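Following: one structure in structure tokens, then a few remarks.
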Amino acid sequence: MRYVSTRNSDQTVNFSTALLNGLAPDGGLYVPQTLPKSKTEAWEASMDFPDMAARILTPWLATQVSGAVLKLILKRALDFPVPLVKVGDVWVLELFHGPTLSFKDFGARTMSRLMNHFVKDEPLTILVATSGDTGSAVADGFGNLPNLRVAVLYPKGQVSPTQEKQLIVRRKGVRAFAVQGTFDDCQSMVKELLVSPGKLNLSAANSINVGRLLPQMLYYYWAFAKGKWQFADVCVPCGNLGNLTAGVIAHLCGLPVRKFIAAHNSNDGFPRFLRGDETPFKDSVRTLSNAMDVGRPSNFERLKFLLSDERLRCMIQGRSCSNEETLTSIRRVYEETGYIADPHTAVALAAVRDNPDPVIVLSTAHPAKFSDIVEQALGFAPASVPALIKLDSMPTWVQSLPPTADSLRLNLESWD
Ligand SMILES: *Cc1c(COP(=O)(O)O)cnc(C)c1O
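Those letters in the sequence shown? Residues 12 to 427, per the numbering used here, in order.
Structure representation (structure tokens):
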């Protein structure tokens with residue numbers, strides 16, 4: 012299996028190069044050169060999640076990671092439950108039972124172990140700029156791996172208190188930096204260092220890495236294996252479109268999805284594109300589902316590479332939902348079924364209200380992680396969970412940084 016850049020399909024690279032580079036040298040995103048057909052027995056059998064995952068991913072990594080190693084990596088990375096539950100008329104696939112309570116744990120934990128497998132000589136420092144869920148999933152997933160260390164940058168004062176606690180917990184091999192600036196400043200600092208690393212050995216764990224995309228296909232197969240549908244619709248709460256892109260790839264490999272419903276908050280560039288708007292993307296606005304506040308989703312480039320506009324418009328239905336509708340959705344679902352949805356899942360549940368066919372909704376975060384918003388909707392906060400309660404008594408490590416690449420460089424150079 013070889014990978015190509017979305018901007019040049021002549022040059023191919025192997026999986027480990029695509030994984031460690033992150034972004035292709037021409038600025039494009041890596042995509043698979045060919046799409047391996049998944050054999051139905053790979054996801055029909057009653058297997059546990061890591062076993063099914065190993066069968067699905069084997070052709071993607073073949074010759075680079077042995078079957079036994081891949082199995083071990085997936086067993087350690089994906090060691091949490093992935094329940095499919097009935098909520099009223101729809102099926103909800105809960106992707107938030109990993110250690111940091113969002114679906115980002117799938118990608119981060121798998122990618123980190125794959126990177127650790129390929130890096131052998133000098134330790135690699137992974138940079139990640141985060142506006143919320145990604146940073147803690149990466150810090151947690153990458154911490155304590157012998158060949159890697161992680162620097163997490165987040166905009167000081169601009170993440171939720173729960174998210175910040177998750178980011179600054181002291182972990183072996185991880186440093187958290189509170190940048191006196193915006194998320195964009197954090198991203199520029201990372202980019203600047205990646206372009207001129209000097210003597211640092213650097214890579215990045217951003218959302219466009221193929222190492223995060225591949226594991227995100229797995230739970231789509233899992234949902235179909237558990238639900239035993241011939242066909243079903245799948246609704247995905249979308250931001251940077253990584254989750255949706257992974258589902259579309261699984262579908263192109265043979266998963267019988269009838270249609271995708273791309274659920275967005277007011278950052279609705281992609282639904283606009285699907286409706287035929289020529290210039291749909293704008294700067295992002297802040298909403299109650301903050302992990303979906305992306306104005307120019309980077310995985311759009313991958314979707315355009317994989318499929319024509321006509322096929323995208325045929326396969327995917329776009330929906331968007333205001334803040335008011337998000338709160339109404341949380342309230343309505345609770346009143347009708349007793350189920351407590353986080354604001355991101357609530358956007359998706361609003362999008363499928365009148366869906367005529369069987370539909371699977373991907374639930375991307377635990378409601379306790381966004382308890383203030385749930386409380387705003389329901390008048391009470393959801394019960395907390397051990398993973399969050401534990402944080403209060405754990406030691407923390409965080410350093411404040413001015414928003415310049417040089418301040419980050421100095422810190423990383425003196426890190427032993
Ligand atoms: C990241 C995130 C999303 C958006 O996923 P994309 O892959 O960026 O489209 C949705 N919900 C939650 C809770 C997230 O953390």
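The beta-carbon is built from N, C-alpha and C at its ideal position, and this holds for glycine as well.
Only a predicted model underlies this, so the values are computations on that prediction, with no experimental measurement involved.
Note to self: If distances are taken between C-alpha atoms only, which option among 334, 330, 384 and 390 comes closest to residue 346?
What the structure shows: Mapped onto the sequence shown, residue 346 falls at position 335. Nearest of 334, 330, 384 and 390 to residue 346, Cα basis: 390.
Notebook entry, point to check: For residue 77, which of helix, strand or coil comes out of DSSP?
Noted result: Numbered from 1 along the sequence shown, position 66 holds the residue referred to as residue 77. Note: residue 77 maps to coil in three-state DSSP.
Next item on the list: Name, in chain order, the residues that DSSP records as bridge partners for residue 329.
Entry: For the purposes of this step, residue 329 is identified with residue 318 of the sequence shown, where counting begins at 1. Note: residue 329 sits in a beta bridge opposite 273.
Next item on the list: Compute the Euclidean distance between the alpha carbons of residue 397 and residue 302, then round it to the nearest angstrom.
Entry: For this step, residue 397 is matched to residue 386 along the sequence shown. For this step, residue 302 is matched to residue 291 along the sequence shown. Distance between the alpha carbons of residue 397 and residue 302 is about 22 Å.
Next item on the list: Using only the heavy atoms of ligand 1, determine whether one of them is closer than 6 Å to the beta carbon of residue 249.
Entry: Position 238 of the sequence shown holds residue 249. Yes, the Cβ of residue 249 comes within 6 Å of a heavy atom of ligand 1.
Margin query: Beta-carbon within less than 6 Å of residue 18's beta-carbon, same chain only, minus the 5 sequence neighbours each way: which residues are those?
Written below: Translated into positions along the sequence shown, residue 18 becomes position 7. Contacts found: 37 and 39.
Check: When you compare only the Cα positions, how much space is there between residue 114 and residue 411?
Finding: Working through the sequence shown from its first residue, we reach residue 114 at position 103. Working through the sequence shown from its first residue, we reach residue 411 at position 400. One C-alpha to the other measures close to 28 Å.
Notebook entry, point to check: ligand 1 heavy atoms versus the CB of residue 428: any closer than 6 Å?
Noted result: One cannot answer for residue 428 here, as it falls past the ends of the chain, which runs 12 to 427.
Next item on the list: Counting only the same chain and skipping the five closest in sequence on each side, list residues whose C-beta sits under 6 Å from that of residue 13.
Entry: If you number the sequence shown from 1, residue 13 lands on position 2. The residues are 23 and 44.
Notebook entry, point to check: What number of angstroms, rounded off, separates the C-alpha of residue 361 from the C-alpha of residue 277?
Noted result: Taking the first residue of the sequence shown as 1, we reach residue 361 at position 350. Taking the first residue of the sequence shown as 1, we reach residue 277 at position 266. If you take the alpha carbons of residue 361 and residue 277, they lie about 13 Å apart.
Check: Considering residue 29, what are the terminal residues of the alpha helix (DSSP H) in which it resides?
Finding: Stepping through the sequence shown from its first residue, residue 29 is reached at position 18. Here the alpha helix (DSSP H) through residue 29 covers 26-32.
Notebook entry, point to check: Is residue 344 helix, strand or coil by DSSP?
Noted result: Taking the sequence shown and counting its residues from 1, one reaches residue 344 at position 333. Three-state result, residue 344: helix.
Notebook entry, point to check: Using the beta-carbon count (16 or more within 10 Å), is residue 325 buried or exposed?
Noted result: Within the sequence shown, residue 325 is the residue found at index 314, counting from 1. When all chains shown are included, residue 325 counts as exposed.
Next item on the list: Return the CA-CA distance between residue 308 and residue 200, expressed in angstroms with no decimal places.
Entry: For the purposes of this step, residue 308 is taken as the residue at position 297 of the sequence shown. For the purposes of this step, residue 200 is taken as the residue at position 189 of the sequence shown. Rounded to the nearest angstrom, the two C-alpha atoms are 20 Å apart.
Next item on the list: Would you check whether ligand 1 has a heavy atom nearer than 6 Å to the C-beta of residue 303?
Entry: Here the question's residue 303 lines up with position 292 in the sequence shown. Yes, the Cβ of residue 303 comes within 6 Å of a heavy atom of ligand 1.
Note to self: Tell me which residues share the same chain as residue 178 and place their Cβ nearer than 8 Å to its Cβ, disregarding the 5 neighbours each side in the sequence.
What the structure shows: To locate residue 178, count along the sequence shown from 1; it is residue 167. The residues are 141, 146, 147, 150, 163, 165, 170, 187 and 409.
Notebook entry, point to check: Grouping DSSP H, G and I as helix and E and B as strand, with all else coil, what is residue 44?
Noted result: On the sequence shown, position 33 is the one that residue 44 refers to. It is coil, neither helix nor strand.
Check: Hey, quick one: how far does the alpha helix (DSSP H) through residue 388 stretch, first residue to last?
Finding: Here residue 388 refers to the residue found at position 377 when the sequence shown is read from its first residue. Taken as a continuous stretch (DSSP letters only), the alpha helix (DSSP H) holding residue 388 covers 382-389.
Next item on the list: Could you tell me whether any non-hydrogen atom of ligand 1 is closer than 6 Å to the CB of residue 258?
Entry: Looking up residue 258 in the sequence shown gives position 247. No.
Margin query: Any heavy atom of ligand 1 inside 6 Å of the beta-carbon of residue 334?
Written below: The sequence position of residue 334 within the sequence shown is 323, counting from 1. Incorrect: residue 334 has no Cβ contact closer than 6 Å to ligand 1.
Note to self: What does the Cβ neighbour count give for residue 382, buried or exposed, with the cut at 16 atoms within 10 Å?
What the structure shows: For the purposes of this step, residue 382 is taken as the residue at position 371 of the sequence shown. Looking at its Cβ environment, which holds 16 or more other Cβ atoms inside 10 Å, residue 382 is buried.
Check: When the Cα atoms are used, what is the spatial distance from residue 394 to residue 377?
Finding: Taking the first residue of the sequence shown as position 1, residue 394 is located at position 383. Taking the first residue of the sequence shown as position 1, residue 377 is located at position 366. So the alpha carbons of these two residues sit roughly 11 Å apart.
Margin query: Are there any heavy atoms of ligand 1 lying less than 6 Å away from the beta-carbon of residue 252, as far as the coordinates show?
Written below: Within the sequence shown, residue 252 is the residue found at index 241, counting from 1. For ligand 1, at least one heavy atom lies less than 6 Å from the Cβ of residue 252.
Item checked: 8 Å contact criterion, which residue 209 and residue 420 should meet: CB distance rounded -> As a position in the sequence shown, residue 209 is number 198, starting the count at 1. As a position in the sequence shown, residue 420 is number 409, starting the count at 1. Contact holds; Cβ gap of about 7 Å.
Next item on the list: Compute the distance between the beta-carbons of residue 291 and residue 297, then report whether it is under 7 Å.
Entry: Within the sequence shown, the letter at position 280 stands for residue 291. Within the sequence shown, the letter at position 286 stands for residue 297. No, the Cβ-Cβ distance between residue 291 and residue 297 is not below 7 Å.
Margin query: Rounded to the nearest angstrom, what separates residue 157 and residue 388 at their Cα positions?
Written below: The count along the sequence shown starts at 1 and reaches residue 157 at position 146. The count along the sequence shown starts at 1 and reaches residue 388 at position 377. Each residue's alpha carbon lies about 44 Å from the other.
Checklist line | is_contact[residue 125, chain D] using C-beta, thresh 7 Å | finding: Annotation note: the requested chain D is absent from the structure, which comprises a single protein chain.
Notebook entry, point to check: residue 246 lies in the beta strand (DSSP E); which residues open and close that run?
Noted result: If you number the sequence shown from 1, residue 246 lands on position 235. Per DSSP, residue 246 belongs to the beta strand (DSSP E) from 243-248.
Item checked: Heavy atom of ligand 1 within 6 Å of residue 320 beta-carbon -> Against the sequence shown, residue 320 aligns to sequence position 309. For ligand 1, not one heavy atom lies less than 6 Å from the Cβ of residue 320.
Notebook entry, point to check: Under a three-way DSSP split, which group does residue 286 fall into?
Noted result: By one-based count along the sequence shown, residue 286 stands at place 275. If DSSP states are grouped into helix, strand and coil, residue 286 belongs with coil.
Margin query: If you reduce the DSSP assignment to three classes, tell me which class residue 227 lands in.
Written below: Position 216 of the sequence shown, counting from 1, holds the residue named residue 227. Three-state result, residue 227: helix.
Next item on the list: Assuming residue 375 contacts residue 135 (C-beta within less than 8 Å), just tell me the rounded distance between them.
Entry: To locate residue 375, count along the sequence shown from 1; it is residue 364. To locate residue 135, count along the sequence shown from 1; it is residue 124. Not really, about 28 Å apart at Cβ, beyond 8 Å.
Check: Between residue 376 and ligand 1, is the CB less than 6 Å from at least one heavy atom?
Finding: Start at 1 with the first residue of the sequence shown, and residue 376 comes out as number 365. Result yes, Cβ under 6 Å from ligand 1.
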